[in-house]
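Below you'll find the structure, written out as structure tokens, and then a few comments.
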Amino acid sequence: MPVGPMLVSATTEAAAKPVRVCHLIHELGPGGAEHVLVDLARVAPPAGIEMRVLSLMPLGAHRYPQMLRNLGVRVDSLELASRWDPRGLRRAVRLLRGDPPDLLHSHLKHADLVAAYAAPRLGIPMVSTLHLIEDEVGMVGRFKRSLGARARRRRAARTIAVSDAVRDWYLDCFAADPTGVVTIRNGIPAPEPVTAGGRKAGRDEFGVADGDLLAATVAIFRAGKGHDDLLAAAARLGDVPIRFVLAGSGPEEERLRGRVLTEGLEGRVVFAGFREDVSGLLGAADLVVHPSHADALPTALIHALAAGVPAVATQVGGIAEIVGEEAGILVPAGDPAALAEAVRRMAEDAGQRQRMGEAARARFAAHFEGAAWARRLRALYEEILAEEPGSA
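Taking this note's numbering, the leading residue of the sequence shown gets 184, the next gets one more, and so forth.
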């Protein structure tokens, strides 16, 4: 059930009484769901949302807790020994009881269990967001997945799917009430335009010669993200003047670096490391390549829309909901030959890149602009609170 006009009617200015929302998440290390909270914190106050974030695991030395605090968000931790530590149930209640929020908003199955326990004991409603399509799991994984689904079905006033693909998967897998599962696609704050000087500096940083193209990929280096397919495609494109810039970090990075050296791709593939300024990188790019094997709603492609950069991406999960038919080329996952051919087509047609880039900006403004995303969430929160007698 995609969110319709009723849920976008919240006022654009902060209400006299903001909705106080505590977001529960398993941890605040590098990851898509974790970064969504940072993006939301940047646009929540004007929509009348007062955020607080509670991590199940220790905060450690990760970047996101301090980024959230710099944005005025209170960040706490339950200091659990593991994501499944049962002590988190009562710790959450004790921590929040003195100053309870209006709602609990949980992210990912570990936090769903804690929120489902804490919400009724605090006398407040619970909302859950589905950030993933969890198809390829073994017996233990299916059991854990079912625990999260059971918690949502019993306690969540609404379950938010970040794409229609996620919603369809969830309703296919679990006996959830369709009226309680809504689609609200994530957004990001509108980026500052990249100047000509900034674009040149970005291209110079990665050694992109005049007349050559820069193809950017932004993703954590882990299994399933398709980096091996990208390297195989790059090897097929030796006659195309293009440099592939891979931004990110993760457990697969060392192996991928070794493959680049072994296959003699070091002159064509550059590792850019973790980049907080994704918009700056994409502002220097001519196209984005996203070869993932599974993705619910990749934020990197939303950044590509905002930057006006066309995409070559795989047709999995919610990717088509971002790119559409006009802002890029979609190919089957796990097919380096198709990936290479799509990159070649994009590289050889500057007019196509320009048309798709303009369409990308239009799609961002219409569907993924951060302020509108925050207003949709605020409207949903208000709808839920109106259904809950005695809630704030």
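Ideal placement from N, C-alpha and C gives every residue a C-beta, glycine not left out.
- Straight-line spacing of the CA atoms in serine 475 and alanine 406 works out to 9 Å.
- The C-beta distance from leucine 464 to alanine 430 rounds to 6 Å, short enough to fall under 8 Å.
- Residue nearest to glutamine 498 within the set Val492, Gly491, Val506 is Val506 (criterion: CA-CA distance).
- Around the beta carbon of threonine 445, fewer than 16 other beta carbons sit within 10 angstroms, so the residue counts as exposed.
- Annotation: the continuous beta strand (DSSP E) that includes leucine 470 extends over 470-473.
- Of all alpha-carbon atoms in Leu251, Asp222, Cys205, the one lying nearest the alpha-carbon of leucine 278 is that of Cys205.
- The DSSP-derived three-state label of arginine 368 is coil.
- In this chain, the alpha helix (DSSP H) harbouring aspartate 222 covers 215-226.
- Looking from the CA of leucine 237, the closest CA among Gly231, Pro228, Leu211, Val423 belongs to Leu211.
- Taking all protein chains in view, the Cβ of arginine 426 is crowded by 16 or more other Cβ atoms within 10 Å, so the residue is classified as buried.
- Only residues of its own chain outside the window of five on either side were considered, and among them Phe404, Arg405 have a CB closer than 7 Å to the CB of proline 434, listed in chain order.
- Counted as a single uninterrupted DSSP element, the alpha helix (DSSP H) harbouring threonine 482 occupies residues 482-490.
- Annotation: the continuous alpha helix (DSSP H) that includes methionine 529 extends over 519-531.
- Counting along the chain, no alpha helix (DSSP H) covers aspartate 268, and no H or E run does either.
- Uninterrupted beta strand (DSSP E) stretches at least 3 residues long and entirely within the region 373-454 occur at 396-401, 425-430, given in chain order.
- Between the alpha carbons of alanine 569 and leucine 315 lies a gap of roughly 29 Å.
- Burial check for phenylalanine 457: the Cβ neighbour count within 10 Å stays below 16, so the residue is exposed.
- Between the region 222-240 and the region 544-562, the count of Cβ pairs shorter than 8 Å is three or higher; the stretches touch.
- Cβ atoms of aspartate 469 and alanine 398 come within 8 Å of each other, at about 7 Å.
- Annotation for serine 260: the continuous beta strand (DSSP E) segment containing it runs 257-260.
- The region 292-300 makes contact with the region 319-330; the number of CB pairs closer than 8 Å reaches 3 or more.
- When rounded, the separation of the alpha-carbon atoms in leucine 223 and threonine 312 is 13 Å.
- Exclusion of the five residues before and after serine 432 leaves Phe457 as the residues of its chain whose Cβ lies within less than 6 Å of its Cβ.
- When only Cα atoms are considered, valine 377 and lysine 383 end up about 10 Å apart.
- Secondary structure at glycine 456: strand, using DSSP grouped into helix, strand and coil.
- In the three-state DSSP reduction, serine 346 falls in the coil class, being neither helix nor strand.
- The residue among Ile367, Trp352, Pro374, Arg544 with its C-alpha nearest the C-alpha of serine 462 is Pro374.
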